[in-house]
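Single-structure report; data block below.
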Amino acid sequence: MKYFLHPLGCATNKADAERIATMLETVGYSAAESEKDANIIGIVACSIRQSAIDRIYGKVHNWNKRKDAEQLITFVSGCILPADEKKFLKLFDLVVKLDQVPQIPQMLKEYGAVAPQNFWEINPRRNSTFKALIPIQNGCDKFCTYCAVPYTRGREVSRSSADILAEVERVLSEGYKQITLLGQNVNSYGLDKPGEELHFAQLLDAIGTLADNAPQKVWVHYTSPHPRDMTAEVLDVQAKHPSLANYLNLPLQSGNNDVLKRMNRRYTVEHYMEVLDMARSKIPTMTVSTDIIVGFCGETPEQFEKTIEAMERGRYDLAFIAQYSPRPGAVAEKRFEDTVSKEEKVRRDKTLTEVLKRTALENNQRLVGKIIPVLVENASRKSGMMLGRSEGLKSVEFAGDESLIGQFIDMKITQADSWRLYGEKYI
Ligand code: SF4
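If you count the sequence shown from 1, position 165 lands on 488 in our numbering, and the numbers rise without skipping.
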């Protein structure tokens, strides 16, 4: 009996899929190479964009056709809007909300395996032997108007720090070399349990101490912080521990205060830039990425100009630029008109990409001639060269072989373009 999982969307969904995989293996399923070999197929849904929802419908229709000829169980889990739940129940055999994942054995009525008490107790079946995703919270209280997460995942709930630290210790003892702490808004970790839990800086400090003392070299990343809640204390902790990677994803979303207000981001561009400057003054080698939405409801050409200015000022290494599309269930979809045309969104996306290309190139060129550690990830199908990532998650290409996958190697950077560094092994 085999299972196949389709995690759509972000790293949090991928981490959830690893726990769902464990539950399926508890009841005797093993991983299938492809969905056509599977007896049970699950989709870990993303309701962030309409296109992601359309993908879910497209897939389940194909699977349901297969059911005439073979026995196949289908289920959906992950980010599900309450309004979609009933529709999904008509299409899938099971709708498994995240807090129901531990009950998968009972839901499948097989073997009577003992189920863990809660979602976090599940030991995930990791997809990598050297990179571990560790969720520290679920849900979000921020209610950005373009986002449906507070409605799909619910209000913010912090995982117990004892649980998180136990999982960190476990992956370190198993030799993992890169840990990514995941949450919708990591800076507010613990604030939902005042007096009971560590807050984010304290949690990061404890994790940094464990990782610094591991026998292997380790990098710990976290994503995503919220500019409004980022503190000097978090950055001081990050600067203190060698294992806490010098990388920061600080989502800007827009460079105009009126647009930020309509997005309900609850910070100003000026505050954002203060946080960014503070991060760079505490950790001068910090690699910084950001998230931007272009063409948000009512964004005028003048307001977009402010985003261009902010992009220039931010000197980013990387940016995840999204063209706004209404997200089902989000406030903006009901309250604001999607006024910017598709063509204009494409143009604004290209304009920002050009700015990014320039700042990323300038930042990358500063690394030429330097020797930096790289964690080797895979081989490039296109070039046949090996690919790894720097501490700041920059892609690095070099000549080598697959035996290096999962290892840290020192690399002399010989060349750089906007999106990649090129180097040679330094002995
Ligand atoms: S911080 Fe905003 S964008 Fe991020 S998950 Fe929460 S509501 Fe969504």
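By construction, the Cβ of each residue, glycine as well, lies at the ideal position given by its N, Cα and C atoms.
C-alpha distance - residue i paired with residue j, whole-angstrom precision
i	j	result
valine 678	leucine 527	33 Å
cysteine 470	leucine 404	11 Å
alanine 354	leucine 456	19 Å
aspartate 464	arginine 704	41 Å
glutamate 341	lysine 668	35 Å
serine 741	phenylalanine 523	33 Å
valine 598	aspartate 360	50 Å
phenylalanine 327	lysine 693	43 Å
methionine 601	aspartate 559	10 Å
leucine 412	lysine 420	12 Å
leucine 573	serine 547	7 Å
aspartate 724	phenylalanine 731	13 Å
isoleucine 644	methionine 586	16 Å
asparagine 461	aspartate 407	20 Å
valine 437	proline 425	Low confidence applies here, because valine 437 scores a pLDDT of 49, under 50, leaving its location unreliable and the question unanswered by this model.
alanine 368	tyrosine 749	43 Å
glycine 435	tyrosine 352	Its pLDDT being 43, under 50, glycine 435 is placed unreliably in this model, and the coordinates cannot settle the point.
glycine 381	arginine 389	13 Å
Residue i, enclosing beta strand (DSSP E) - first and last residue
i	result
leucine 744	744-748
alanine 368	363-368
proline 455	The sequence as given places alanine at residue 455; proline does not occur at that position. Taken as a continuous stretch (DSSP letters only), the beta strand (DSSP E) holding alanine 455 covers 454-458.
glycine 401	396-401
isoleucine 728	First-last for isoleucine 728: undefined, no H or E at that position.
valine 669	No beta strand (DSSP E) holds valine 669; the alpha helix (DSSP H) holding it covers 665-688.
According to DSSP, residues forming a beta bridge with residue i
i	result
aspartate 733	Pro696
aspartate 614	Phe643
glycine 711	Val699 and Val719
glutamine 576	Ile615
histidine 329	Ile366
isoleucine 502	Ala455 and Val543
serine 481	Gln460
leucine 514	DSSP output for leucine 514 lists no bridge partner at all.
Limits of the alpha helix (DSSP H) - the one that residue i falls within
i	result
tyrosine 474	472-475
histidine 594	592-605
glutamine 561	555-563
glutamate 632	624-637
Residue-chain proximity (residue i, chain B), Cβ-Cβ < 7 Å
i	result
alanine 471	Checking the listed chains, one finds no chain B in this structure; it contains a single protein chain.
beta-carbon residue i near ligand 2 non-hydrogen atom, thresh 6 Å
i	result
phenylalanine 523	Looking at this structure, you won't find ligand 2 anywhere; what it does contain is ligand 1.
Original post:
Whose CB is closer than 6 Å to a heavy atom of ligand 1? List the residues in chain order.
Top reply: Cys463, Lys465, Phe466, Cys467, Cys470, Val472, Pro473, Gln507, Asn508 and His549
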